[in-house]
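The structure appears below as C-alpha cells.
Number of protein chains: 2
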Amino acid sequence: MDSSRKKSTRVTILDVARESGVSYSTVSRALNGFDFVKGATRDKVLAAAEKLGYVANVQARSLAGGKTRIIGLLVPGLDNGYIGEIVRGVDEEIAKANYDLMLYTTRRRVGREAMYIDAISNGPSDGIILIVPLLEREYLTALREHHFPYVLVDQIDPQMHSPMVDATNWQGAYDATKYLIDLGHRRIGFITGLRAIQSALDRLDGYKAALADHGVRFDETLIAEGDFFTPGGYAAAQKLLKHKPRPTAVFASNDLMALGAMQAIRDQGLEIPEDISVLGFDDIPQASMVHPQLTTVRQPLEQMGRVAVSLLIEQIERPDNLERAARRVTLATRLIERESCAAVPTSDMKG
Amino acid sequence: MDSSRKKSTRVTILDVARESGVSYSTVSRALNGFDFVKGATRDKVLAAAEKLGYVANVQARSLAGGKTRIIGLLVPGLDNGYIGEIVRGVDEEIAKANYDLMLYTTRRRVGREAMYIDAISNGPSDGIILIVPLLEREYLTALREHHFPYVLVDQIDPQMHSPMVDATNWQGAYDATKYLIDLGHRRIGFITGLRAIQSALDRLDGYKAALADHGVRFDETLIAEGDFFTPGGYAAAQKLLKHKPRPTAVFASNDLMALGAMQAIRDQGLEIPEDISVLGFDDIPQASMVHPQLTTVRQPLEQMGRVAVSLLIEQIERPDNLERAARRVTLATRLIERESCAAVPTSDMKG
DNA sequence: GCCAGATTTGCAAGCGCTTGCAAATTCAAG
DNA sequence: CTTGAATTTGCAAGCGCTTGCAAATCTGGC
C-alpha cells in the first residue's frame, strides 16, 4: 500500500483529538464551526490543530457527506483574453471565499460531453461554473437532475431559469454604434459573432436599433459574418473593405475579431483611425496593448467571474432557498474610448 | 444528510457488481485494469459499467489509497500570455492522459505559502506542477518530505535535483543578440528580467557572450533593469532612450517588456523598426498580434507544459524509479523573425 | 444539595472504494 | 477421473471524515 508513506507524515483528526484531549467528533464539529461546541473546547481544538499543522483531508470529508470547498470551472480553453479575464475574477473570488478550483476544458473529450458533466458532478466539486458558449441543453438537465449547483456565465439558458450572469450586450452595441454615428459615420460595417450565440444576436440587434433610432438606413451588405476569432475578423473585414463606397468604420462583435480587422485594414494600406475607425467589444487586455489602442465596449469580465462565484457559493451553502438563488445578474457595459476611432475623414464628408 | 439526494441518483460499484453478477472487488479490479481478471469477467463488468453509466467516485477511490487522476498546477496567475501558453500545453497533455486539473494561484494566501503546499499535498492531487518563478526552498523540501510528486517549470532548483523542464535561455539570448549584430547593430540596449530569477540571468549572460564573441564592447550603461512586466519594460526603455548616442536596438528579456518598450519608443515619436529595432523573448500570442509584429525568441511554452505533465505522470505512475525520473529536460528556443527588427538606420551607420 | 431540562460530548455507523488474504475455481498432468 | 498448482474471485478491513443518537455534563430553580 503506497499511501502508507503518506500516512506516516499525515496529521489526522485523531491526532488533533489526542492532542486536545477531546473526541474526534468534537474536533470535527469544532473545526466545522458548529455552534453547539463550548467556546473553551473550540479554542483548545483550534490551538491543537494549528500546532499540529492539521489540514483536513478533502477526500474523506466529502466522502462522509461534507463539502470539499472545491468549485469546478468549465471553459472552452484558456487561450482567449476574454475567458482569461473571467477566470481571473473567478479565481480571486474563490480565493477570498477560501475555496479551491478545478479547471475543466471542453476541448477535451469532445462528443462525450454528457458523460463529461457526469464526471464533474461525480468529482470533488461542490458546484460548477459554466463558461461554455455553445452549451447543449442536456448538460443542464443532467445538472438539474443531480441537484448539482451551477451557474452560467454569459449565455442564455433557453427554457429553464438557471442562475446566470451576463452583461448588457444589446445596450453596449447600441452605445457603441451611437458613438460612431455621433462621430459622423454613416457607413458602419458590422462583423457579427457566431449566430448560435445569444449575445452575438443581441449585439447585432443593438447595432440595428441604434442605426434606426438615429436615422441611418440599415444596409444588409454592411454586415459580415464572423465567428468571434481573429482570423474570422480578418476575413470579414476584407469583405467589408470591398464594399463600395467603403465603410468609414467597422464595429466588430468582439475584440479578437477587431484585432483581425485592424490587420486586414492595415494590409490594405489604410490607416486607423484616419481612413477607417475600428471598434471592438469586450475590452480584453490586448485591446489596450495594440497600436493604435482599441476603442471598445468594456464588459466587466472580471466582475462577471466574481459574481458567478458568489451566486454559486450561495447555492452551495444554502441549498434550501435554491429557487430564490436561481436568478440572473446582468452587469453594465461601458464604452472605452481609445485611439481607434475618429471622426469621419473629411474626404468622405461629402459622400 | 444532504448527500442523500446525491446518493439517490448515484451509481456505485455495488450497482455494477449486481448488474454484472460478480463481487464488487472484482469490479474494482476489472475497472482498474488488473491483469489477473479473466477476460470474460472483465468484459461483463465493463459492459455493465457502461450500461449503468458508472463513474468512479474520486473521493472514495483516493481515500482508499488509489489515485485521483488529478494533477495540481500552481501558478502565480493566469493573466500573462506566458503562463497561459504553458497551461495550455499542460491542459492538453493532461486531457490526453485522462487526468483532471486543479488550479492553484499563488496570488492567494500570500505569506502562508508553506501551509499552502501542505494544503495541496493533502488535497486530491496525485502530484503538482510548479510554475512559480520565485519559489522558496522550503516548498520543495516539504514536497520532498511528503514524497509528493512534483515538477518545476522554467525555474532552477538550487540544490536538490528536482525534475524540471526549461528552455535554452542562454542560447536563445545569444542567438537573438547575434541576429541584431548581424543586422549591423552595435548599441544594443538590454532590458533585464528580475535578477532573482535564473532565466533572467542566463539571458543576460547569453547577450553578453554574443557581444563578446562578435567584438562588440559590452557597455554597462546599455543595461536597464526590468521586472518581466509591461510597465517595467516601458520604464526601462525610457531610460535606454536617454542614452547618448541612442541605442539602435532594444532587446527585452521577455515579450511583455518588449511591448512596453515599443510603447515607450512610439511615445518618443520614433518608428519601429525604422528608427530602432525591438526584440523580445517568449513569443507569447500577443507578439504576433501587435503592430509591427514582434521579432522574438520563441520558447516552446506549450511543449514545456506538455513535457512537465509527462514527467509528472511518470513519477505518479511509477513511484519506484523516482530517482531515475528526477531529470531535467531543456527544450530549444528559436528566433522568430517578424517585423520589429531592421538593419541599422543608415543615418547611424557612420556613428 | 437535588432534579429536570438544556447544553455538550462521545460512540458508532457508514460514505464508496482498494487491496491483503483466504476461498473457490480452473487447468494440466498423472 | 484425481490431484496439486495456478489462476480468479470474494470477504472484510479500513482509508479519514461527518453526523444521528445516546450518554454525559452542566444549568438553574426548588
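If you're matching them up, the sequences are chains A and B in order. Following our numbering from start to finish, the first sequence increments by one per residue and tops out at 426. Following our numbering from start to finish, the second sequence increments by one per residue and tops out at 426. Where a beta carbon is used, it is the ideal one built from N, C-alpha and C, also for glycine. On a predicted model such as this, the values are computed, not experimentally measured, just so you know.
So with Cβ pairs under 9 angstroms, would you call residue i a contact of chain B?
i: methionine 332/A; result: no
i: asparagine 380/A; result: Position check: residue 380/A holds glycine in this sequence, whereas asparagine was assumed. With 9 angstroms as the cut-off, glycine 380/A does not count as an interface residue toward chain B.
i: glycine 152/A; result: yes
i: tyrosine 179/A; result: yes
i: glutamate 167/A; result: yes
i: glycine 159/A; result: yes
i: proline 199/A; result: yes
i: asparagine 132/A; result: yes
i: glutamine 338/A; result: yes
i: alanine 467/A; result: Only positions 76 to 426 of chain A appear in this structure, which leaves residue 467/A out of reach.
Give the single residue among the options whose Cα lies nearest to the Cα of residue i.
i: glutamate 168/A; options: Tyr129/A, Gly380/A, Gln390/A, Ile411/A; result: Gly380/A
i: phenylalanine 293/B; options: Phe303/B, Arg261/B, Val419/B, Arg270/B; result: Arg261/B
i: leucine 227/B; options: Pro208/B, Ser196/B, Thr243/B; result: Pro208/B
i: threonine 180/B; options: Tyr191/B, Pro151/B, Gln390/B; result: Pro151/B
i: glutamine 234/A; options: His222/A, Phe223/A, Tyr214/A; result: Tyr214/A
i: alanine 115/A; options: Val97/A, Lys126/A, Ala131/A; result: Val97/A
i: lysine 283/A; options: Asn107/A, Ala312/A, Phe326/A; result: Phe326/A
i: alanine 271/A; options: Gly164/A, Ala124/A, Leu255/A, Gly301/A; result: Gly301/A
i: lysine 171/A; options: Ala418/A, Ile158/A, Ile388/A; result: Ile388/A
i: glycine 335/B; options: Ala417/B, Ala310/B, Arg393/B, Ala324/B; result: Ala310/B
i: threonine 216/A; options: Ser237/A, Thr143/A, Ile351/A; result: Ser237/A
i: leucine 210/B; options: Thr101/B, Ser200/B, Ile192/B; result: Ile192/B
i: alanine 417/B; options: Leu376/B, Val353/B, Ile391/B; result: Val353/B
i: arginine 144/B; options: Glu125/A, Asp232/A, Gly198/A; result: Gly198/A
i: isoleucine 206/B; options: Gln246/B, Val162/B, Asp175/B, Pro322/B; result: Val162/B
i: histidine 289/A; options: Leu269/A, Val86/A, Thr371/A, Tyr249/A; result: Tyr249/A
i: valine 86/A; options: Lys126/A, Ser385/A, Lys317/A, Asp175/A; result: Lys126/A
Check whether chain A comes within 9 angstroms of residue i, counting only Cβ atoms and requiring the distance to be less than that.
i: glutamine 230/B; result: no
i: isoleucine 351/B; result: no
i: aspartate 118/B; result: no
i: serine 137/B; result: yes
i: arginine 413/B; result: no
i: asparagine 107/B; result: no
i: valine 162/B; result: yes
i: leucine 176/B; result: yes
i: isoleucine 206/B; result: no
i: threonine 305/B; result: yes
i: proline 360/B; result: yes
i: valine 365/B; result: yes
i: arginine 341/B; result: yes
What number of angstroms, rounded off, separates the C-alpha of residue i from the C-alpha of residue j?
i: leucine 178/B; j: glutamate 414/A; result: 36 angstroms
i: glycine 426/A; j: asparagine 329/B; result: Because the pLDDT at glycine 426/A is just 42, under 50, the model does not fix this residue reliably, and the point stays unresolved.
i: phenylalanine 356/A; j: glycine 147/A; result: 27 angstroms
i: alanine 383/A; j: glycine 202/A; result: 11 angstroms
i: aspartate 342/B; j: histidine 366/A; result: 11 angstroms
i: glutamate 94/B; j: serine 363/B; result: 56 angstroms
i: glutamate 349/A; j: methionine 332/A; result: 20 angstroms
i: leucine 153/A; j: isoleucine 359/B; result: 13 angstroms
i: valine 291/B; j: isoleucine 256/B; result: 8 angstroms
i: threonine 267/B; j: methionine 337/B; result: 15 angstroms
i: serine 274/A; j: threonine 101/A; result: 51 angstroms
i: leucine 258/B; j: isoleucine 340/A; result: 30 angstroms
i: lysine 253/A; j: methionine 239/A; result: 28 angstroms
i: asparagine 155/B; j: threonine 305/B; result: 10 angstroms
i: arginine 80/B; j: alanine 194/B; result: Only weak support is given to the placement of arginine 80/B: the predicted model assigns it a pLDDT of 35, under 50, and the question is left unresolved by the model.
i: glutamine 390/B; j: proline 224/B; result: 6 angstroms
i: alanine 251/B; j: glycine 159/B; result: 24 angstroms
Between which two residues does the alpha helix (DSSP H) containing residue i stretch?
i: serine 274/A; result: 273–288
i: methionine 332/B; result: 330–342
i: valine 382/B; result: 376–392
i: aspartate 257/B; result: 244–257
i: isoleucine 351/B; result: Isoleucine 351/B -> no alpha helix (DSSP H), and no H or E assigned at all.
i: glycine 307/A; result: 305–316
i: arginine 163/A; result: 156–171
i: leucine 218/B; result: 212–221
Identify the continuous beta strand (DSSP E) that holds residue i and give its terminal residues.
i: glycine 202/B; result: 202–205
i: tyrosine 179/B; result: 175–180
i: isoleucine 411/B; result: 409–411
i: alanine 327/A; result: 324–327
In chain order, what are the residue ranges of uninterrupted beta strand (DSSP E) at least 3 long that sit wholly in the region 94–154 of chain B?
145–150, all fully within the region 94–154 of chain B.
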